[in-house]
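Trainee:
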Amino acid sequence: KGHRFQANGGGLAGSEREELAERCRARLEGLRAVSLLESGAFRVGPVEVWGSPCQGSFFSGHSMAAFTLPPDGAGAPWSDIPASVDVLVTHGPPLGVGDLSGEKQPAPQRAGCPLLREHATRARPVVHFFGHIHEGYGAAREPDSGTLYVNAAMCTERYLATRLPVVVDLPLCSKPGGSGTMVDRSRPPQVWLAAREPDSKAGDASPETHEVAAKQSAGGKDAKSEEHAPLLCRLVTALHSHPALHAGSSTSAYRNKASYLLGADFTGENPMCEPALNRVAARLQGIALDAAKAGEEWGAEWVEAALKLTRTGQVGVKLLLRGFRPGGAPDWLPPLLRDCPEIASISVQPCPEGSGAKPGKSPWDPRYVPPVELHGPLYVIEQAPPVDGRAGVPFRLSPDSFSEVNSSAEDAMFAKVVTWARPLRTECPRLALLGRNSGFYGLALQRELRFEEVSGCTHCPQTAADAEASITMHAGTEWLPGGPETFRFRRVLKDGFADQIRGLAGGPPTIVHVTNNRHGLADGVVQALAETACVRVVLYNSCNHGCLAKEWTQLFPAGFEIAEFASSDLLAGTEFDSSIYLLLRRPRTLVLPIGPPASGKSMLARGLASAGATSSRANGKHQSNLGLVDVFERDRRFAAERTGPGGLRGAKARAHAALLAALANAQGQASSVLYVDSTNAARAARSAYREALAPARTVFVLLGLDELAEQPGTAAARVLELVLARHRSATCPAHERRQWETAVREDLEGKVQRLLNSIEAPRADELGAADVEVLRCSGLPSSADLEALLWRLFLLICCPALLRVEPPEAPPRVPPKVPSPREGRVALCFLTSARASSADGSAVWNDAAWQWLAGDLEEHTARSLEDSFCVLRHDDSCAGSVRQGFLARAVSVEPVPGGTERAGLSLVFAELRLLRAALAAGCEFALLLSGSCLPLCPLDTLRDELLRNDRSVLQYHFCRGGHQRLFGIEYGALQWKAWHRREMELLASLEEAKLAERWKPHEEALKKYNLAPDEVVLVNELHERVGPLEPLCERRPTTYLEWEEPGEGPRHARTFTEGVPEAAWQARADRGVLLCRKLAELGPAARDAWRGRLRGQTTREAA
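Residues in the sequence shown are numbered consecutively from 239, following this note's numbering.
1) Determine, using beta-carbon pairs with one atom in the region 705–715 and one in the region 731–748, whether at least three such pairs fall under 8 Å.
2) Looking at the strands, I want to know which residues DSSP matches up with R493.
3) Which same chain residues, not among the five before or five after P883, have their C-beta less than 8 Å away from its C-beta?
4) Exposed or buried, what is V1012 when buried is set at 16 or more other beta-carbons lying within 10 Å of its beta-carbon?
5) Find the nearest neighbour of A519 within the set P624, G506, A529 and A530, judged by alpha-carbon distance.
6) As an exercise, report each continuous beta strand (DSSP E) stretch of at least 3 residues that is fully enclosed by the region 341–388, in chain order.
7) Taking just the CA atoms, how far does G551 sit from V775?
8) Helix, strand or coil for N903? Go by DSSP, reduced to three states.
9) Rounded to whole angstroms, how far is the Cβ of V990 from the Cβ of P835, which I believe are closer than 8 Å?
10) Does DSSP classify E802 as helix, strand or coil?
11) Helix, strand or coil for S646, going by three-state DSSP, please let me know.
12) Hey, how far is the Cα of L1320 from the Cα of W1281?
13) Can you check whether the CB of L522 is closer than 8 Å to the CB of L547?
14) Would you list, in sequence order, the uninterrupted alpha helix (DSSP H) runs of no fewer than 4 residues that lie entirely inside the region 1162–1187?
15) Taking all protein chains shown into account, do 16 or more other C-beta atoms lie within 10 angstroms of the C-beta of H1098, making it buried, or fewer, making it exposed?
16) Look at I800 and M651 and say whether their C-beta atoms are less than 8 Å apart.
17) Return the first residue and the last residue of the beta strand (DSSP E) that W430 is part of.
18) Per the contact definition of three or more C-beta pairs closer than 8 Å, is the region 603–610 in contact with the region 657–671?
19) Less than 8 Å between C-beta atoms, sequence neighbours within five positions excluded: which residues of the same chain meet that for P1322?
20) Are S424 and P1275 close, meaning C-beta to C-beta below 8 Å?
21) Classify Q587 as buried or exposed, calling it buried when 16 or more other Cβ atoms lie within 10 Å of its own Cβ.
22) Go ahead and pull the three-state DSSP assignment for L931.
23) Name the two residues that bound the continuous alpha helix (DSSP H) containing K1232.
24) Once the 5 residues before and after A896 are set aside, which same chain residues still bring their CB inside 6 Å of it?
25) Excluding the 5 residues flanking A582 on each side, which residues of the same chain have their C-beta closer than 6 Å to its C-beta?
26) For V405, count neighbouring Cβ atoms within 10 angstroms of its own Cβ and tell me buried if that reaches 16, exposed if not.
27) State the beta-bridge partners of S585 as determined by DSSP.
28) I need the straight-line Cα distance from C1036 to A1026, nearest angstrom please.
29) Return the CA-CA distance between Q738 and R823, expressed in angstroms with no decimal places.
30) Report yes if the C-beta distance between C781 and G758 is below 8 Å; otherwise report no.
31) What number of angstroms, rounded off, separates the C-alpha of S1106 from the C-alpha of D407?
32) Just the Cα atoms here: how many angstroms apart are T1363 and G673?
33) Which same chain residues, not among the five before or five after S417, have their C-beta less than 7 Å away from its C-beta?
34) According to DSSP, is A390 part of a helix, a strand, or is it coil?
35) Mapping the DSSP letters down to three states, classify Q293 as helix, strand or coil.
36) For the 8 Å Cβ check, are there 3 or more pairs between the region 944–961 and the region 902–911?
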């Protein structure tokens, strides 16, 4: 341990330190599969990793602070983090994520490095691993950058390595060109907690805690048998890490109960213990050493002392002595009592002779030996936590049942229990308690709330005896008039706890207080709580949250919700948190999502239905025990009814009848949750559902309704895209696939538009009712939006406590920076004819405008056109080079033999030749355009916009199902596009001969269906090699154009003879369009107007 090394050894001289470092490096570098990261990178298969041991300045001066940076960040290696990094590993955290520390006052404070956060935001790694701040253990995803931040500190604040390793699964995909794999940044990584093997000693804090930690963390006896739903695991973390729900505690001088080894193994004062305990321990150690030297029988071997300090200042002592012989009072006793008058009770528990073993701690242990009274009674009188300034109830506490550890934390927790239970007392006249602290908790609650009937039980004989004696102490008081008749207490073995709860059935509404141990609640208790209807309230006192997710898989589906929650440092400085939460029976709930097709209604339903599931592996398959919500899938039921009589009308009637039956069934269950998975568009239908179920709470989930109202055209196009993507997804259910295939064959756009027109958004009176909750996503939700909605919906149903508290203070965020344009050139690839003309014979090449653009670029940037652009042209109508004008600066590529044909495969070959020439010139982007195009921004702006982008830009679309089946194509795209170098390299490798062999036979058929080869060949060749285009290609047009009115023959682009239309400038503002096509030669007035708009635009952008 570094702090001991420095404290005891006085530190190391510089030369020794360097020598030690070199020896460490040599040792590590000689190990297989170990890479030492000293602000450097290495690669694991397709994954690029960069790591550094450096940390921010928060702990500068601390004895454990190695590789600490100065406050100004001088010498920080963060600028070396490459932009291509997939996994970033640092010792310390970035500012604002997993960095809350309790080491400095006032606590907590953020200990992360701001400069590291800035460079992590710049580099955008898929995952950033770090540790150092043990309190920050956990994971969080940054929405803007998509980076997953993981504090993987396996040690607790007291350096006990009991936390589970964090496992992150990185999704991979094929590289462009199919030459290997790479990290797929379009899909978020999956985060898991590794499950220990049941017999593993990994992460052991002590032999006593190993078995407990392993079983609790795995959630069961067999670590490989179960995986708990991610939402449940996330809830455990969210509750225990929320500062508004946590009562902090000092990690020094707080313990009022502790054990001290004596004799040669004495470790000195315990800084976590009250000074009174340390003083008594030190005095006992002195007596033990003196007695051992004198050879007295009483001091033959002093093994251990267990001490308890009461709230009134008395100390109880239990000594473990080997070779103890009962007899008269020893000589050392009077001096001890004179020096430590606070000692009220001393007992001795003999240790077995002839071995190093200790007696058993529990009365049911066969090695257990009852303590022998030496001074005072075999117990101390302790007090329960005070309430409203009044001293707590006194109760008896024997040496074998010394309880409590932290009085201040216990006071705060008990105050919560009383506050929560008081308003429920009128409804629930009966109290039942299970667990070791049931005796004094029951007495304290009875004095405050005066229940008509109280019962308690524990499995520990000594604790039961203490409880019975304490109840007798208070018999005849105003609040416990019948003593044991009012408060019936029994000792029950653990396997009988569930029967005790079931025995409450048929009685009045009951509050049940349960206390778990490190293993969780006894077997069967959770199920009994769920099944016993008279149990209306559960007060759950937990000392280990590792087992909670497992138990919630039964409590949540049974109809309980977490109404209140609080946690504390009851065992401050150890691996165990203490928490108390209030479980109430959930009100009957109806969930109605309202939104267009493919907006995520079914995804929410599936996520919610499996939120309370335990996924069990059996025969290699996952099986889920569901029950949190009932989901009625209207479309699935309608599809199933289609085979019945009566056609569509009959199927709709039967599906509606089934929905009414589901509503009636849910009405018969007091705590049911029914999710109606349907568009729920009609206001009258929603009202009918609520009337049929009579829910105590209705949740409206509004998906994209604001966008539909504000931007109907754009939203409809997005819905159509979502529907097609859903139809193509491998996870699309069969009934949905059949439904949309029919629509694709008939009129998909028409069907989608009819569905959108049918949606009646909820009115204010519908949303403003007292029993209505509203969750809203204004725009059509992304996957991240749906994940956030699912989380809030889950909390609304299972844990309102977390929704009611103030959200944690948002971590300081580094302001997002507009990415700087990369260095490099853009290829202007003219696929054109210098002699082209419109249908009426007017010229469509604006040479004067292009020459002005080149001069404007050179004037404003002091760079030549050739420094920023490479001008390329494929022109088979004009042989040789152009001698004057703008195209005189262009490089001609070898034309396609036989020339190009409109809407023909030859245009594909021409495009490929331009792309190869752009790559040869070292260009980062290739912009395809025709001679009739003019930019809608200055050339320097056009270049910067493209070089800031990390994706190709093209207006692609999904082909109809018939076209997919007929030609095997998924996508179509406008010919005018901007290719990123990544896609250029892949496309340039295509062989024209093989393309002709594949596509030439389909050329005429494609034209027949109005599918030009130049619009489908390259995007589908790209799709077949890299998968879906969405991650690599931004879906927006580069060029504005309009189509002439349809007539006989193929449609043509409209020629603009009056200059750039206003709609083109609007498209530039709304969608970032770069060019306008097809412009006739501009006259002086139109050219001046165009220049003026460009100059005005430049001025606004600079402002």
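Note that the Cβ used here is the ideal one computed from N, Cα and C, for glycine as well.
Mentor: According to the data block:
1) A contact between stretches requires three or more CB pairs, one per stretch, nearer than 8 Å, and the region 705–715 fails this requirement with the region 731–748.
2) C511
3) Take P883, set aside five residues on each side of it, and no residue of its chain has a beta-carbon closer than 8 Å to its own.
4) It counts as exposed.
5) G506
6) 365–368 and 376–379
7) Each residue's Cα considered, the two are about 36 Å apart.
8) In this structure, N903 counts as helix in the three-state DSSP scheme.
9) 7 Å
10) DSSP places E802 in strand when its eight states are reduced to three.
11) helix
12) 20 Å
13) no
14) 1177–1186
15) exposed
16) No, the Cβ-Cβ distance between I800 and M651 is not below 8 Å.
17) Q428 to L431
18) no
19) none
20) no
21) The residue is buried, with at least 16 neighbouring Cβ atoms inside 10 Å.
22) helix
23) Segment E1230 to W1237, the alpha helix (DSSP H) holding K1232.
24) R875
25) Q552, G614 and V618.
26) Counting the other Cβ atoms within 10 Å of the Cβ of V405 gives fewer than 16, which makes it exposed.
27) K556 and E611
28) 15 Å
29) 20 Å
30) no
31) 41 Å
32) Past the edges of the chain, shown from 239 to 1341, lies residue 1363, and the structure says nothing about it.
33) none
34) coil
35) strand
36) no
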